[in-house]
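Visitor:
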Amino acid sequence: MALLVTGAELVWTARRELAGAEVLCEGGVVTAVGDLAEGGPGLDSPRMPEPSPPERLDASGCVVTPGLVNAHHHLLQSAFRTLKGTRHVRMGDWLAAMAGYYRRAAVDPPLAAAASAAALAEGLLAGVTTVADHHLTWPEDCDALELASSVVSSAENLRSRLVFVRGTAGGDPEAAAESVSDLVDRFGVMSSDGMLQIACGPAGVHSDGREMFDALGEVAAEKGLRRRTQANEQVDVERAAVRWGRRPLELLDSWGWLAPDVTLAHLCEITAEELARIAESGATATNAPGCDVPMGWGLAPVGEMLDAGVTVGLGTSGGGSNDAGHLLADARLALQVGGMTARPPTAREVLTMSTTGSALGLGRPELGQLEPGAAADLCCYDVTGPADAGVADILAGLLWANPGRRPRHVVVAGEVVVRDWGLLTADASRLSAELRRMSALRLGL
Ligand SMILES: [Zn+2]
Numbered sequence: 085m086a087l088l089v090t091g092a093e094l095v096w097t098a099r100r101e102l103a104g105a106e107v108l109c110e111g112g113v114v115t116a117v118g119d120l121a122e123g124g125p126g127l128d129s130p131r132m133p134e135p136s137p138p139e140r141l142d143a144s145g146c147v148v149t150p151g152l153v154n155a156h157h158h159l160l161q162s163a164f165r166t167l168k169g170t171r172h173v174r175m176g177d178w179l180a181a182m183a184g185y186y187r188r189a190a191v192d193p194p195l196a197a198a199a200s201a202a203a204l205a206e207g208l209l210a211g212v213t214t215v216a217d218h219h220l221t222w223p224e225d226c227d228a229l230e231l232a233s234s235v236v237s238s239a240e241n242l243r244s245r246l247v248f249v250r251g252t253a254g255g256d257p258e259a260a261a262e263s264v265s266d267l268v269d270r271f272g273v274m275s276s277d278g279m280l281q282i283a284c285g286p287a288g289v290h291s292d293g294r295e296m297f298d299a300l301g302e303v304a305a306e307k308g309l310r311r312r313t314q315a316n317e318q319v320d321v322e323r324a325a326v327r328w329g330r331r332p333l334e335l336l337d338s339w340g341w342l343a344p345d346v347t348l349a350h351l352c353e354i355t356a357e358e359l360a361r362i363a364e365s366g367a368t369a370t371n372a373p374g375c376d377v378p379m380g381w382g383l384a385p386v387g388e389m390l391d392a393g394v395t396v397g398l399g400t401s402g403g404g405s406n407d408a409g410h411l412l413a414d415a416r417l418a419l420q421v422g423g424m425t426a427r428p429p430t431a432r433e434v435l436t437m438s439t440t441g442s443a444l445g446l447g448r449p450e451l452g453q454l455e456p457g458a459a460a461d462l463c464c465y466d467v468t469g470p471a472d473a474g475v476a477d478i479l480a481g482l483l484w485a486n487p488g489r490r491p492r493h494v495v496v497a498g499e500v501v502v503r504d505w506g507l508l509t510a511d512a513s514r515l516s517a518e519l520r521r522m523s524a525l526r527l528g529l
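Residue numbers are given in the working numbering: position 106 of the sequence shown equals residue 190, and the series is strictly consecutive.
1) What I want to know is whether the C-beta of HIS158 ends up closer than 7 Å to one or more non-hydrogen atoms of ligand 1.
2) So what does DSSP say about GLY124, is it helix, strand or coil?
3) With 16 as the cutoff for other CB atoms within 10 Å, does TRP505 come out buried or exposed?
4) Check whether the stretch 448–463 touches the stretch 422–433, counting contact only when three or more Cβ pairs, one atom from each stretch, lie closer than 8 Å.
5) Any heavy atom of ligand 1 inside 7 Å of the beta-carbon of ALA305?
6) Can you grab the Cα-Cα spacing for the pair THR370 / GLY251, in whole Å?
7) Only counting the same chain, and skipping five residues up and downstream in sequence, which positions put a Cβ closer than 7 Å to that of GLY126?
8) Below 8 Å, how does it come out for the stretch 108–118 and the stretch 86–93: are there three or more Cβ pairs, yes or no?
9) Can you tell me where the beta strand (DSSP E) holding GLY251 begins and where it ends?
10) Could you tell me how far apart the beta carbons of LEU483 and ARG416 are, in whole angstroms, since I believe they sit closer than 8 Å?
11) Which residue's Cα is closest to the Cα of ARG323: GLY293, GLY184, GLU364?
12) For ALA155, is the beta carbon positioned less than 7 Å from some heavy atom of ligand 1?
13) Opposite ALA367 in the DSSP bridges: which residues?
14) How about GLN314: is its Cβ closer than 7 Å to a heavy atom in ligand 1?
15) With 16 other CB atoms within 10 Å as the buried threshold, where does ALA325 fall?
16) Taking ASP177 as part of the alpha helix (DSSP H), name the residues at either end of that continuous run.
17) Are the CB atoms of ASN406 and GLY366 within a distance shorter than 8 Å?
18) Which of helix, strand or coil does DSSP assign to GLN281?
19) Comparing C-alpha positions only, which one of SER523, ALA92, ALA155 sits nearest to GLY145?
20) Which residue from VAL268, VAL114, SER200 puts its Cα closest to that of LEU519?
21) For ligand 1, is there any heavy atom lying closer than 7 Å to the beta carbon of HIS350?
22) Identify every run of the alpha helix (DSSP H) within the stretch 454–521, keeping only runs that are complete inside it and at least 4 residues long; order them along the chain.
23) Could you check if SER401 belongs to the surroundings of ligand 1, using beta carbon to heavy atom distance under 7 Å?
24) Using the DSSP secondary-structure output, state which residues sit across from GLY118 in a beta bridge.
25) Assuming ASP217 and HIS290 are in contact, meaning their beta carbons sit under 8 Å apart, how far apart are those beta carbons, in whole angstroms?
26) How about CYS375: is its Cβ closer than 7 Å to a heavy atom in ligand 1?
27) Taking the beta carbon of HIS219 as the centre, do at least 16 other beta carbons fall within 10 Å, making it buried, or is it exposed?
28) What did DSSP end up calling LEU94 once you bin it into helix, strand or coil?
29) Which residues does DSSP pair with ALA216 in a beta bridge?
30) Taking 7 Å as the line, does the beta carbon of ALA216 fall inside it for any heavy atom of ligand 1?
31) Could you check what DSSP says for ARG294 in three-state terms: helix, strand or coil?
32) So, is GLY498 buried or exposed, given that buried needs 16 or more other C-beta atoms within 10 angstroms?
33) Relative to the alpha-carbon of PRO379, which residue among ARG171, ARG432, MET389, TYR186 has its alpha-carbon at the smallest distance?
34) Taking a contact to mean a Cβ-Cβ separation below 8 Å, would you say LEU280 touches ALA239 in this structure?
35) Rounded to whole angstroms, how far is the Cβ of GLN453 from the Cβ of THR468, which I believe are closer than 8 Å?
36) How is MET437 classed by DSSP in three states: helix, strand or coil?
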């Protein structure tokens with residue numbers, strides 16, 4: 085069924101700003117953007133669907149943007165929010181506290197299913213149509229394929245795009261590589277509809293040594309997977325200095341992990357020399373201020389990274405440090421804390437990070453934009469309320485104004501998944517109650 089998004093104040097395709105434009109989605113893809121009804125000068129691809137008229141999605145009073153791409157989440161951590169000993173603490177202490185909670189909760193497929201379902205529902209309601217889940221917790225007594233499958237099922241049920249990143253935080257390199265291989269055998273590198281992608285990568289040099297980076301690098305090359313890791317957050321720098329007497333990015337470079345197929349999350353307090361090294365390598369970056377700023381783990385020089393030609397995406401990181409999966413809220417934070425850096429990013433740059441930048445880091449140029457040929461993932465943000473009144477620039481206002489803003493409608497692959505601020509693909513109250521119940525039971529709260 086074709087879908088025509090009509091009546092919008094403004095359509096931002098990530099490349100162009102088109103006042104009053106319509107968006108036509110057919111077969112899960114954007115097929116036309118512009119003044120479609122009139123066939124006017126804004127029309128790019130002058131065709132209307134035949135034979136039946138498209139379903140119309142009323143976006144009057146809205147700004148339409150590409151669906152947001154959360155390039156860095158740890159979905160499981162949504163079961164572990166606001167726990168004692170995990171707020172405003174040094175990262176080394178935080179990791180130890182979280183490891184204790186994971187053991188206490190006995191992480192298993194039912195818990196991963198409940199956490200990911202609630203987290204993905206939270207994301208969709210906040211306009212996030214694609215989530216990269218860097219999953220790092222693999223208890224020894226738990227079947228890894230079953231654990232991963234529980235997350236994949238949550239995404240399928242909710243109709244959220246998922247990039248499942250088979251991560252590690254210590255453990256046996258050979259077993260981890262085998263597990264990546266099993267996942268690819270089970271799910272493929274990418275599903276034919278683009279709803280599921282598999283990637284891999286260790287948590288960082290703070291948790292894993294050269295053998296793990298080598299093992300996952302090899303299996304990624306063999307299977308054609310994107311690689312992802314985290315670098316330069318507080319503990320990462322400290323442990324790299326103690327164990328190797330080097331900086332994390334030096335280690336990653338010498339281990340073959342600064343390359344165009346690699347995305348590096350966090351990148352707090354990188355030096356000018358490190359920035360030049362990343363830019364030269366073609367590696368991409370993911371900014372995660374919603375984790376690093378409140379925790380006090382550092383600030384990434386986003387504007388300088390963009391000026392150096394680095395593709396920068398945006399991620400929330402997990403519920404254990406961020407407590408939320410609301411990417412637009414973190415885009416607002418990225419913009420606000422940019423004022424503390426030498427070169428603050430603009431609102432349009434941060435919107436681009438939250439969409440195209442994240443998508444390119446996942447190797448997905450069809451996501452995070454709305455030009456013809458793009459995946460039909462989009463958000464309609466109502467801008468008619470008092471929090472948006474008096475805003476001169478409604479696109480920049482998406483971030484500067486109206487904190488906590490959520491989209492009125494969300495579309496994934498041409499299907500409406502959120503309508504009038506309500507989730508259509510699942511019972512959001514039931515999902516939330518299930519995670520609340522399970523978290524309390526497992527943690528003994
Ligand atoms: Zn992270």
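Heads up, the beta-carbon is just placed ideally off N, CA and C, and yes, glycines get one too.
Every value quoted in this text rests on a predicted model; they were computed, and no experiment measured them.
Guide: Based on what the coordinates show:
1) Start at 1 with the first residue of the sequence shown, and residue 158 comes out as number 74. Yes, since a heavy atom of ligand 1 falls inside the 7 Å radius drawn around the Cβ of HIS158.
2) In the sequence shown, counting from the first residue as 1, residue 124 sits at position 40. Since pLDDT at GLY124 reaches only 45, below the 50 mark, its modelled position is unreliable, and the value read off the structure follows with that caveat. In this structure, GLY124 counts as coil in the three-state DSSP scheme.
3) Position 421 of the sequence shown, counting from 1, holds the residue named residue 505. With fewer than 16 Cβ atoms within 10 Å of its Cβ, TRP505 is classed as exposed.
4) no
5) Stepping through the sequence shown from its first residue, residue 305 is reached at position 221. Flag unset: Cβ of ALA305 not near ligand 1.
6) Here residue 370 corresponds to residue number 286 of the sequence shown, with the count starting at 1. Here residue 251 corresponds to residue number 167 of the sequence shown, with the count starting at 1. The C-alpha of GLY251 is placed about 16 Å away from the C-alpha of THR370.
7) For the purposes of this step, residue 126 is taken as the residue at position 42 of the sequence shown. Caution applies to GLY126, whose pLDDT of 46 falls short of 50 and renders its modelled position unreliable; the model cannot decide the point.
8) yes
9) Locating residue 251 in the sequence shown gives position 167, where the first residue counts as 1. Where GLY251 is concerned, the enclosing beta strand (DSSP E) stretches over 245–252.
10) Working through the sequence shown from its first residue, we reach residue 483 at position 399. Working through the sequence shown from its first residue, we reach residue 416 at position 332. About 5 Å separates the two Cβ atoms, so the contact holds.
11) In the sequence shown, counting from the first residue as 1, residue 323 sits at position 239. From the listed residues GLY293, GLY184, GLU364, the smallest Cα separation to ARG323 is found for GLY293.
12) Reading the sequence shown from its first residue, position 71 is the one you call residue 155. Residue side-chain check: ALA155 keeps its Cβ at 7 Å or more from all non-hydrogen atoms of ligand 1.
13) Counting from one through the sequence shown, the residue named residue 367 turns up at place 283. Under DSSP, ALA367 forms no beta bridge with any residue.
14) Here residue 314 refers to the residue found at position 230 of the sequence shown. True, at least one ligand heavy atom lies under 7 Å from that Cβ.
15) The sequence position of residue 325 within the sequence shown is 241, counting from 1. By the 10 Å Cβ count, ALA325 comes out exposed.
16) Sequence index remark: in the sequence shown, residue 177 carries index 93 (1-based). From DSSP, the alpha helix (DSSP H) with ASP177 extends over 175–189.
17) Taking the first residue of the sequence shown as 1, we reach residue 366 at position 282. Taking the first residue of the sequence shown as 1, we reach residue 406 at position 322. Contact: no.
18) Numbered from 1 along the sequence shown, position 197 holds the residue referred to as residue 281. The answer is strand: DSSP assigns GLN281 an E or B state.
19) Looking up residue 145 in the sequence shown gives position 61. Nearest of SER523, ALA92, ALA155 to GLY145, Cα basis: ALA92.
20) By one-based count along the sequence shown, residue 519 stands at place 435. The option with the nearest alpha carbon to LEU519 is SER200.
21) Taking the sequence shown and counting its residues from 1, the one referred to as residue 350 is at position 266. The closest heavy atom of ligand 1 lies less than 7 Å from the beta carbon of HIS350.
22) 478–484
23) Within the sequence shown, residue 401 is the residue found at index 317, counting from 1. SER401 Cβ: within cutoff of ligand 1.
24) As a first step, residue 118 must be located in the sequence shown, where it is residue number 34. Bridge partners of GLY118: GLU106.
25) The count along the sequence shown starts at 1 and reaches residue 217 at position 133. The count along the sequence shown starts at 1 and reaches residue 290 at position 206. About 20 Å; that fails the 8 Å criterion.
26) As a working note, residue 375 is residue 291 in the sequence shown. Yes, ligand 1 has a heavy atom inside 7 Å of this Cβ.
27) Mapped onto the sequence shown, residue 219 falls at position 135. Result: buried.
28) As a position in the sequence shown, residue 94 is number 10, starting the count at 1. DSSP places LEU94 in strand when its eight states are reduced to three.
29) Reading the sequence shown from its first residue, position 132 is the one you call residue 216. Note: ALA216 sits in a beta bridge opposite VAL247.
30) Working through the sequence shown from its first residue, we reach residue 216 at position 132. Short note on ALA216: C-beta not closer than 7 Å to any heavy atom of ligand 1.
31) Counting from 1 along the sequence shown, the entry for residue 294 is found at position 210. DSSP places ARG294 in helix when its eight states are reduced to three.
32) By one-based count along the sequence shown, residue 498 stands at place 414. Answer is buried; the Cβ neighbour count reaches 16.
33) Here residue 379 corresponds to residue number 295 of the sequence shown, with the count starting at 1. In the sequence on display, residue 379 carries Met and not Pro. When the alpha-carbon of MET379 is set against those of ARG171, ARG432, MET389, TYR186, the nearest one is in ARG171.
34) Working through the sequence shown from its first residue, we reach residue 280 at position 196. Working through the sequence shown from its first residue, we reach residue 239 at position 155. Taking 8 Å as the Cβ cut-off, LEU280 and ALA239 qualify as a contacting pair.
35) The residue given as residue 453 occupies position 369 in the sequence shown. The residue given as residue 468 occupies position 384 in the sequence shown. So it is not a contact: roughly 25 Å between Cβ atoms.
36) The residue labelled residue 437 in the question sits at position 353 within the sequence shown. Helix.
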